[in-house]
Each structure stands twice: as structure tokens, then as C-alpha cells.
Amino acid sequence: MLAKRKMSVTELAERVGITIANISILKNGKAKALKISTLTKLCEVLDCQPGDLLEFRKGDKGEA
68 MLAKRKMSVT
78 ELAERVGITI
88 ANISILKNGK
98 AKALKISTLT
108 KLCEVLDCQP
118 GDLLEFRKGD
128 KGEA
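Just so you know, we're using my numbering here: the sequence shown kicks off at 68 and counts up by one.
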């Protein structure tokens, strides 16, 4: 979505109100949790839907 919007990670972090480090964690799929308010702001800034940003991955502990 960043490439589609021609936006830098720095600009996204500033507009969403979170650190570049946290944007990198989200971007690399390493986040353990995501506040709904952060997801909402990401969608507003990137003009997209949550499904454009999220992907379901089954956990390594075998949970459903």
C-alpha cells in the first residue's frame, strides 16, 4: 500500500502517529497485536480497507 500511495515509511509513521520502528514491525509481519485505533488510522491515511493490510497466519503453537 505504501508503494501504491507513493508514501515513505517516515511519512506514514508521522501521519498515523506511531514510530517508524512500529511501522516496520507491522510492515514485516512481526507484530503480536494491533490496536483497532491504529488500524483505523492506517486505513484512513492509506485510503484502504483492513483486508488490504492484514493477512491471517496460523500461530506456531497450533491454535485454530
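C-beta: ideal position from N, C-alpha, C; glycine also.
Using three-state DSSP, classify residue i as helix, strand or coil.
i: Thr107; result: helix
i: Ala98; result: coil
i: Lys125; result: coil
i: Thr86; result: coil
i: Ser75; result: coil
i: Asp119; result: helix
Flag this pair as yes or no: are the beta carbons of residue i and residue j separated by less than 8 angstroms?
i: Lys108; j: Gly84; result: yes
i: Leu121; j: Met68; result: no
i: Ala80; j: Ile90; result: yes
Within the same chain, show all residues whose beta-carbon is closer than 7 angstroms to that of residue i, passing over the 5 residues directly before and after it, in chain order.
i: Gln116; result: Cys110
Select from the options the residue whose C-alpha is nearest the C-alpha of residue i.
i: Arg124; options: Ser104, Ala98, Ile87; result: Ala98
Excluding the 5 residues flanking residue i on each side, which residues of the same chain have their C-beta closer than 6 angstroms to its C-beta?
i: Thr72; result: Looking at the sequence itself, residue 72 is Arg, so the reference to Thr does not match. If we look at Arg72 and ignore the five residues flanking it on each side, its Cβ neighbours are Leu113.
i: Met74; result: none
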